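For the sequence shown, our numbering gives the first residue as 464, with consecutive numbering after it. In this text, a Cβ means the ideal position worked out from N, Cα and C, and glycines have one as well. This one's a predicted model, so the numbers in the text were calculated from it and none came from an experiment. Input: a single structure, listed below in structure tokens.
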Amino acid sequence: MQSQGPHYLSPKVQNELIYCCEIEIREKIVNDCKLADFHSVCADETTDVSVKEQLSLCIRFVDSIKSEVREEFMGFVELTKTDAENIAENIMTYLKKWGLDIAKLRGQGYDGASVMSGHVNGVQTRIRRNCPRAYYVHCRSHNLNLVVTQRYKVVNPIRNIMDNAVQLTWFLCGSANRDNILKNEKLTESDLMNNTMEIHDEDDIIGKILQEVM
């Protein structure tokens, strides 16, 4: 019998392949960023499913070839502490580790939490001690999220969509039987077409309402 070739299906090998892809993609982004005169950093922290604090890091720069602004995700950094000193230290450490020139840092984008935006000992202040021209801007996406979160409760169509989505998710995922029924359900071509049109209509409605809220 001929011996079977490698399948590369073990978790260890798959993780190594993913890591290699991560390195290649990040190096390409860094090389593109180095061609720009300046760059900015965006960061946000969240708790993952394993109850570990993760800091997501992105960079923004102008692509000198395409003449367009790019925002690229660089990776997650696991945090042992969530105080301003530790977060700022991790941001600076990993930007340097990935080969980005700190002297070209011109902007910081975070949420409005005091840990990140504090003028005395916040993350943005600590980073500006090393990079005085890296001005802090309250992330517009966070601002929009705060507005939508507060306003959707008084806009009936949006409130109903959000509430129904949450309740439907819990209803389907809260039971193994219902989850299996959902997985086994097959959509016919006509059903799929109808659902596509309904989703398109709902997107139009949400878009119009969002413009009014903003």
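Can you tell me whether DSSP reads residue i as helix, strand or coil?
| i | result |
| --- | --- |
| L558 | helix |
| C632 | Correcting the residue type first, residue 632 is Thr in the shown sequence and not Cys. T632: helix per DSSP, three-state reduction. |
| H605 | helix |
| Y471 | coil |
| T509 | strand |
| V540 | strand |
Assuming residue i and residue j make a contact with CB atoms under 8 Å, what is their CB distance in whole Å?
| i | j | result |
| --- | --- | --- |
| L558 | I565 | 6 Å |
| E516 | E552 | Contact doesn't hold; Cβ gap of about 14 Å is too wide. |
| R591 | A597 | 6 Å |
Should residue i be labelled buried (16 or more other beta-carbon atoms within 10 Å of its own) or exposed?
| i | result |
| --- | --- |
| G575 | exposed |
| V578 | buried |
| A568 | It is Leu, not Ala, that sits at residue 568 in the sequence shown. With 16 or more Cβ atoms within 10 Å of its Cβ, L568 is classed as buried. |
| I486 | exposed |
| N627 | exposed |
| Q467 | exposed |
| Y637 | A quick correction: the sequence has Gly, not Tyr, at residue 637. Flag for G637 reads exposed. |
| Y471 | exposed |
| V504 | buried |
| A563 | Per the sequence shown, the amino acid found at residue 563 is Leu instead of Ala. With 16 or more Cβ atoms within 10 Å of its Cβ, L563 is classed as buried. |
| A639 | exposed |
| V586 | buried |
| I481 | exposed |
With hydrogens ignored, establish whether the beta-carbon of residue i is closer than 7 Å to any heavy atom of the ligand HEM.
| i | result |
| --- | --- |
| A566 | Looking for the ligand HEM in the displayed structure turns up nothing, as the structure carries no ligands at all. |
Among all the DSSP beta bridges, which residues are the ones paired with residue i?
| i | result |
| --- | --- |
| I522 | V504, E535 |
| Q571 | V504, Y599 |
| Q613 | None, per the DSSP bridge assignment. |
| E516 | T510, L542 |
Count the CB pairs spanning the stretch 612–626 and the stretch 517–526 that are closer than 8 Å, and state whether there are at least three.
No: fewer than three Cβ pairs fall under 8 Å.
Would the stretch 535–553 count as touching the stretch 579–592 if we require 3 or more Cβ pairs under 8 Å?
Yes, they touch.
Measuring CB atoms only, is the stretch 496–504 touching the stretch 526–546, in the sense that at least three cross pairs come out at less than 8 Å?
Contact holds: three or more Cβ-Cβ distances are below 8 Å.
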